[in-house]
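Colleague: Take a look at the following structure, please.
Number of protein chains: 4
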Amino acid sequence: MRTAYREGFPIDAAAVEAALRDDAAHRIGAVFVVQTDTASGTTCDLAAIRAAIDAARHPALFVVDVVASLAAAPFAMDALGVDVAIGASQKGLMVHPGLAFVAANERALAFARANLTPRFYWDWERRRSDLSYRKFCGTPPLAHLAGLEAALGLIAAEGLAEVQARHARLARAVHAAATCWSATGALRLFTQVPEARSVSVTAIEVSPGIDPEALRSVARECFQVAIAGGLGPLHGRVFRIGHLGDMNEAMILGCLAGVEAAMQAQGIAFGRHGVDAAVRALVDGAG
Amino acid sequence: MRTAYREGFPIDAAAVEAALRDDAAHRIGAVFVVQTDTASGTTCDLAAIRAAIDAARHPALFVVDVVASLAAAPFAMDALGVDVAIGASQKGLMVHPGLAFVAANERALAFARANLTPRFYWDWERRRSDLSYRKFCGTPPLAHLAGLEAALGLIAAEGLAEVQARHARLARAVHAAATCWSATGALRLFTQVPEARSVSVTAIEVSPGIDPEALRSVARECFQVAIAGGLGPLHGRVFRIGHLGDMNEAMILGCLAGVEAAMQAQGIAFGRHGVDAAVRALVDGAG
Amino acid sequence: MRTAYREGFPIDAAAVEAALRDDAAHRIGAVFVVQTDTASGTTCDLAAIRAAIDAARHPALFVVDVVASLAAAPFAMDALGVDVAIGASQKGLMVHPGLAFVAANERALAFARANLTPRFYWDWERRRSDLSYRKFCGTPPLAHLAGLEAALGLIAAEGLAEVQARHARLARAVHAAATCWSATGALRLFTQVPEARSVSVTAIEVSPGIDPEALRSVARECFQVAIAGGLGPLHGRVFRIGHLGDMNEAMILGCLAGVEAAMQAQGIAFGRHGVDAAVRALVDGAG
Amino acid sequence: MRTAYREGFPIDAAAVEAALRDDAAHRIGAVFVVQTDTASGTTCDLAAIRAAIDAARHPALFVVDVVASLAAAPFAMDALGVDVAIGASQKGLMVHPGLAFVAANERALAFARANLTPRFYWDWERRRSDLSYRKFCGTPPLAHLAGLEAALGLIAAEGLAEVQARHARLARAVHAAATCWSATGALRLFTQVPEARSVSVTAIEVSPGIDPEALRSVARECFQVAIAGGLGPLHGRVFRIGHLGDMNEAMILGCLAGVEAAMQAQGIAFGRHGVDAAVRALVDGAG
Chain A
6 MRTAYREGFP IDAAAVEAAL RDDAAHRIGA VFVVQTDTAS GTTCDLAAIR
56 AAIDAARHPA LFVVDVVASL AAAPFAMDAL GVDVAIGASQ KGLMVHPGLA
106 FVAANERALA FARANLTPRF YWDWERRRSD LSYRKFCGTP PLAHLAGLEA
156 ALGLIAAEGL AEVQARHARL ARAVHAAATC WSATGALRLF TQVPEARSVS
206 VTAIEVSPGI DPEALRSVAR ECFQVAIAGG LGPLHGRVFR IGHLGDMNEA
256 MILGCLAGVE AAMQAQGIAF GRHGVDAAVR ALVDGAG
Chain B
6 MRTAYREGFP IDAAAVEAAL RDDAAHRIGA VFVVQTDTAS GTTCDLAAIR
56 AAIDAARHPA LFVVDVVASL AAAPFAMDAL GVDVAIGASQ KGLMVHPGLA
106 FVAANERALA FARANLTPRF YWDWERRRSD LSYRKFCGTP PLAHLAGLEA
156 ALGLIAAEGL AEVQARHARL ARAVHAAATC WSATGALRLF TQVPEARSVS
206 VTAIEVSPGI DPEALRSVAR ECFQVAIAGG LGPLHGRVFR IGHLGDMNEA
256 MILGCLAGVE AAMQAQGIAF GRHGVDAAVR ALVDGAG
Chain C
6 MRTAYREGFP IDAAAVEAAL RDDAAHRIGA VFVVQTDTAS GTTCDLAAIR
56 AAIDAARHPA LFVVDVVASL AAAPFAMDAL GVDVAIGASQ KGLMVHPGLA
106 FVAANERALA FARANLTPRF YWDWERRRSD LSYRKFCGTP PLAHLAGLEA
156 ALGLIAAEGL AEVQARHARL ARAVHAAATC WSATGALRLF TQVPEARSVS
206 VTAIEVSPGI DPEALRSVAR ECFQVAIAGG LGPLHGRVFR IGHLGDMNEA
256 MILGCLAGVE AAMQAQGIAF GRHGVDAAVR ALVDGAG
Chain D
6 MRTAYREGFP IDAAAVEAAL RDDAAHRIGA VFVVQTDTAS GTTCDLAAIR
56 AAIDAARHPA LFVVDVVASL AAAPFAMDAL GVDVAIGASQ KGLMVHPGLA
106 FVAANERALA FARANLTPRF YWDWERRRSD LSYRKFCGTP PLAHLAGLEA
156 ALGLIAAEGL AEVQARHARL ARAVHAAATC WSATGALRLF TQVPEARSVS
206 VTAIEVSPGI DPEALRSVAR ECFQVAIAGG LGPLHGRVFR IGHLGDMNEA
256 MILGCLAGVE AAMQAQGIAF GRHGVDAAVR ALVDGAG
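Protein chains in written order, with our numbering: chain A, 6 to 292; chain B, 6 to 292; chain C, 6 to 292; chain D, 6 to 292.
What follows is the structure, given as structure tokens:
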């Protein structure tokens, strides 16, 4: 069977379609995809996946994890034909971690109603009832709700389209810097397809001999820049720059310059003038 | 009479000495100097001024304004023979504005006692009494005192010597960037004597035809970097970069890159790679 | 079969024992009790329940909900022979709601290991692993952890025994006031056994004709006192006074006086001088 | 000469008028009064003082200290013919201490302009200029201004008339309790004229043998109620209950009950049921 996922590339819609066509018995209940994979910084072409499901004439639910993209990247749930979306508070919404969101359309709700597995806390029907919070949910997480109200106020004040344009602009600056850094071959953008690079997080792969964990320590301790390490199989192979949420031009430029300083302090032979390229990208974006 | 102050240069100690020697009648009561002049970013050689007063055998008090340098730059009041020092909360001490400090030695206190001008709020003797706050000062500014306690805790945790080393390191990065920018002649460091450049603030003079106020607007609105304008006679001639207090490597690099972006957006022909020079200065400083 | 619960009384240990003796096949897996029932303000005699399980020689786990009593009332899990305890952040621990705690002893862990039902998030073994938070739990709820650290610091500074003594003292004041109010028969303490009255919350039952919801509105709107209503079957029959967590003498006296004001404004014929009785209880308790 | 001030009574307008009539040479520049004297809790009849100045046909400025009454009590500066009013941030305005206000009418400004005494910081003309904060005042006290904005927002949301009605209502409750306590003669309201009792603070005089400082310690340590001591000549003779600013029914009832508890713990033979009287006053006031 054709593999839908290859490192550095978005999910292969053709492989998804093939797998669904193979499932004549409709044993596959749902297609789960991540809009932005936080480990790789690779995004998924949701419209292509929807088209694949439709082309296969398969009834599977289309479930999308928008944890790392919610508010940062456009996501038109209904227009995209997404049945269930799952998000969280601590990324683009800028709230402290601890709150998750589920949006489900009528098709998904019908699917849930037909599911007879016992459940209480996770029961959508119970949750949607008017008296849910009094009869079932117990004490609501008030600090999260207050934080969410404040964060949505910030987003409304800036404008959702402007928030997403800012994320795109800052991501272009990061990608421009990383492209410069890649000139010598010592490191490269993990996601090979430019249009699949996330507006939220960028993973940069290092060549053997470069220790991304040591780089992270120097960046944090000497230059006050916190960058993330690789998760799971990518541990030791990549470092990641997050650029979502409460983030602006000066912050991302400081981050990129700090990463350059850390790479220089570590003796990594990276391609120079990445910050210049980022500055240029921002100047063009502001024009 | 020889002028003690010339733009871009520290106070001329020889001119101070000459003026004091001319004052045979000792009508000059005090020599007032600013350790760091916040408008020009120029510092004063306090030891040289003290030596000038001593050489002139003049009894004038030596009064130093340390508002913009307190905590950021070394200041050994007694060793420097300073009689009165005046500081404030809102710069190197990182507290909100509204609190000022006066330190006076025995000589200054004797001088104040001999002063018969009526005063109440500003009366040092009254203030120094045990019951000052109950009998005289009224309600203390509690939020400032709490802020000061927190700020002094931060400084103690980092170590005063480390705080001052950090200020020196960040200032070197700013001066390195500004020196690069100056290569084309479009702008220059206002303080011409390198050792007189402040660790707190750097003033950068622009050539005619460049509007520093327009540059500030672009920096703030497009790149989220707040830089200061020129004060009084320097208005329209300089812009200033503050680098004191709660400031670190990533923040100052973001600021410098943002200023580069703003200069580029404004079409200013500045010398390139200033951020690179700042990165190099920080890498060397961290070594 | 004998009922273990009767309104206004603690759980009947003899009824629990009888039910366990009847269960020769050991189909009962666990005895669940609430240390303090937040709806009724009635506490459970945990030692008596433990003794009942032992007397019946039944292997059921002893599971205790300490949500409304944790930190407020003594709870010696091991000495009481409790196998699992479940607590939460938002009551005696004074943290915002959203965090729950489970403590399980070796017996309970062995029971869980033998349970083959699939689970991920709720899997104790997975949770207890060293890498739990990195490999499994996702992003930790940082604001809750910071709040918990602060709250435990407050409790440690006051002393856990002192915290519990304070809860007992304030509860005595509330019970003294409510006993006074009961003199006319218009209302009464819901928990009839004095030693079963909770140190966390007190439910007060009103006679027919008195609307506790109207009383709550007047208390809140005219006298700035928030009292709780009845939950589930007790709705419209009781109002409740919470007296746990960040609570002191002045606060509880203000609450009791505000409730008296609201009862007076509503024309309820309550027994007078309840606040006086509470004051007396506090003066005696402070002696 | 007749004394304008007698303990427990408001300023005697007739004495003021007599003193001004005696001043044929107009050497008296200003009549200074305090609207609410924070030490005694006695208020001044500002209209009577204005009438006294007018009756004496004296040109003295009428200067009123509204520190302890601003926002809490009505003050119509122009209608009352007040020339200068002096307020502060930390009382009725609920902002942290450190900010003071001066309001001056045209007459007072002309008086100030005619004053040739050198001054800089306190110079009203300089302060009123458009560029005052840039050219003269230095860095503004930003945290105070932000606090003031928030506090004025609270006052506007509640309504100034409602804020003042609340102060009057809470003061009546305190006066009712203190009147009850006075029944045995052990203590009494310091201000003997009921209409001169302040809505902001109430001073209660104790009989010889009662130590108000010991009472304050017990109130604070055992019952979590902070009451103030006597200032200056009233030290050891009175204790004071503040009831202004961010204060509500439940808070003031808790305070009064806590004072009763402390008096009981100290064995003071006060008249009982003061809290009942306060509750009654609040119920009547809410009706």
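Ideal Cβ positions, reconstructed from N, Cα and C, are used throughout, including at glycine.
Any beta carbon from chain C within less than 7 Å of Val-38(D)'s own beta carbon?
Modeller: Output row for Val-38(D): interface = no.
Colleague: Can you tell me which residues form a DSSP beta bridge with Ala-233(A)?
Modeller: Paired residue(s): Arg-245(A).
Colleague: Thinking just about the alpha-carbon of each residue, which of Ala-44(C), Val-69(C), Asp-251(C) is nearest to the one in Ala-52(C)?
Modeller: When only C-alpha atoms are compared, the closest one is Val-69(C).
Colleague: At a cut of 8 Å, does the stretch 268–277 of chain A reach the stretch 175–188 of chain A through at least three beta carbon pairs?
Modeller: The answer is yes - the stretch 175–188 of chain A touches the stretch 268–277 of chain A, with three or more Cβ pairs under 8 Å.
Colleague: Along the chain, where does the beta strand (DSSP E) that runs through Val-204(A) open and close?
Modeller: Note, Val-204(A): premise wrong, no beta strand (DSSP E); not H, not E.
Colleague: Would you report the Cα separation of Val-71(C) and Val-284(D), rounded to the nearest angstrom?
Modeller: Each residue's Cα considered, the two are about 36 Å apart.
Colleague: Report back the beta-carbon spacing between Ala-255(C) and Val-230(D) to the nearest angstrom; my notes put them in contact at under 8 Å.
Modeller: Contact flag correct, Cβ pair sits at about 5 Å.
Colleague: Quick check: what's the CA-CA separation for Gly-250(D) versus Asp-128(B)?
Modeller: C-alpha separation (whole angstroms): 32 Å.
Colleague: If you count every other CB in all the chains shown that lies within 10 Å of the CB of Gly-164(C), and 16 or more means buried, which is it?
Modeller: Result: exposed.
Colleague: Looking only at its own chain, which residues have a Cβ that is under 8 Å from the Cβ of Ala-202(C), when we skip the five neighbours before and after it?
Modeller: It should be noted that the sequence gives Arg, not Ala, for residue 202(C). Result list for Arg-202(C): Gly-46, Thr-47, Thr-48, Ala-176, His-180, Leu-194, Thr-196, in chain order.
Colleague: Let me know if Phe-125(C) comes out buried or exposed under the rule of 16 or more other beta-carbons within 10 Å of its beta-carbon.
Modeller: It counts as exposed.
Colleague: Helix, strand or coil: which one does DSSP assign to Leu-121(D)?
Modeller: Coil.
Colleague: Please return the same chain residues whose Cβ sits closer than 8 Å to the Cβ of Arg-26(D), not counting the five positions on each side in sequence.
Modeller: Closer than 8 Å at Cβ, skipping near neighbours: Ala-61, His-63.
Colleague: Taking Cβ positions, are Val-100(D) and Gly-152(D) nearer each other than 7 Å?
Modeller: Cβ atoms of Val-100(D) and Gly-152(D): closer than 7 Å.
Colleague: Out of Phe-37(D), Thr-43(D), Pro-146(D), which one is the CA nearest neighbour of Gly-237(D)?
Modeller: Considering only alpha carbons, the answer is Thr-43(D).
Colleague: So, Val-288(D) versus Gln-269(C), is the Cβ gap smaller than 7 Å?
Modeller: Yes, the Cβ-Cβ distance between Val-288(D) and Gln-269(C) is below 7 Å.
Colleague: Check whether chain D comes within 7 Å of His-248(B), counting only Cβ atoms and requiring the distance to be less than that.
Modeller: With 7 Å as the cut-off, His-248(B) does not count as an interface residue toward chain D.
Colleague: Measuring straight from C-alpha to C-alpha, what distance separates Ala-30(B) and Leu-66(B)?
Modeller: Near 15 Å, if we compare the C-alpha coordinates of Leu-66(B) and Ala-30(B).
Colleague: Among the candidates Ala-73(C), Val-87(C), Ala-191(C), whose CA atom is the shortest distance from the CA of Asp-59(C)?
Modeller: For the residues Ala-73(C), Val-87(C), Ala-191(C), the minimum Cα distance to Asp-59(C) belongs to Val-87(C).
Colleague: Report, in whole angstroms, the separation of the C-beta atoms of Phe-228(D) and Ala-267(D), which I expect to be a contact under 8 Å.
Modeller: So it is a contact: roughly 6 Å between Cβ atoms.
Colleague: Between which residues of its own chain and Asp-135(D) is the CB-CB distance below 6 Å, once the five residues before and five after are set aside?
Modeller: No residues qualify anywhere along the chain.
Colleague: Buried or exposed: Asp-28(D), going by 16 or more other Cβ atoms within 10 Å of its Cβ?
Modeller: Burial call: exposed.
Colleague: Using only alpha-carbon positions, find the residue among Pro-217(D), Ile-232(D), Ser-205(D), Glu-226(D) that is nearest to Val-39(D).
Modeller: It is Ser-205(D) whose Cα lies nearest to the Cα of Val-39(D).
Colleague: Suppose the cutoff is 6 Å on Cβ atoms and the five residues either side in sequence are ignored; what does the same chain contact list for Ala-109(B) look like?
Modeller: For Ala-109(B), where only same-chain residues beyond five positions count, the Cβ hits under 6 Å are Val-89.
Colleague: Name the two residues that bound the continuous beta strand (DSSP E) containing Arg-177(A).
Modeller: Per DSSP, Arg-177(A) belongs to no beta strand (DSSP E); it is in the alpha helix (DSSP H), 165–186.
Colleague: Could I get the ranges of all uninterrupted alpha helix (DSSP H) runs contained in the stretch 33–118 of chain B, with 4 residues as the minimum, in chain order?
Modeller: Segments of the alpha helix (DSSP H) lying fully in the stretch 33–118 of chain B: 51–60.
Colleague: Helix, strand or coil for Leu-192(C)? Go by DSSP, reduced to three states.
Modeller: Leu-192(C) falls in the strand class under three-state DSSP.
Colleague: So, helix, strand or coil for Val-211(B), using DSSP?
Modeller: In this structure, Val-211(B) counts as strand in the three-state DSSP scheme.
Colleague: In or out: His-149(D) buried (at least 16 other Cβ within 10 Å) or exposed?
Modeller: Label assigned to His-149(D): buried.
Colleague: What are the residues of the stretch 169–193 of chain D that lie near chain B, defined by any Cβ-Cβ distance shorter than 9 Å?
Modeller: Within the stretch 169–193 of chain D, no residue has a Cβ that lies closer than 9 Å to any Cβ of chain B.
Colleague: Applying the 10 Å Cβ sphere with the 16-neighbour rule, what's the burial state of Asp-281(A)?
Modeller: Answer is buried; the Cβ neighbour count reaches 16.
Colleague: In chain B, which residues lie with their C-beta within 8 Å of the C-beta of Pro-145(D)?
Modeller: Pro-102, listed in chain order.
Colleague: Within 10 Å of its beta-carbon, does Thr-207(D) have 16 or more other beta-carbons around it, so buried, or fewer, so exposed?
Modeller: Flag for Thr-207(D) reads buried.
Colleague: Rounded to the nearest angstrom, what separates Ile-91(D) and Arg-171(D) at their Cα positions?
Modeller: Roughly 23 Å separates the two Cα atoms.
Colleague: Within 7 Å of any Cβ in chain B, is that where the Cβ of Ala-316(D) sits?
Modeller: The requested residue 316(D) does not occur in the structure, where chain D is confined to residues 6 to 292.
Colleague: By the three-class DSSP mapping on this structure, what secondary structure does Leu-220(A) have?
Modeller: The answer is helix: DSSP assigns Leu-220(A) an H, G or I state.
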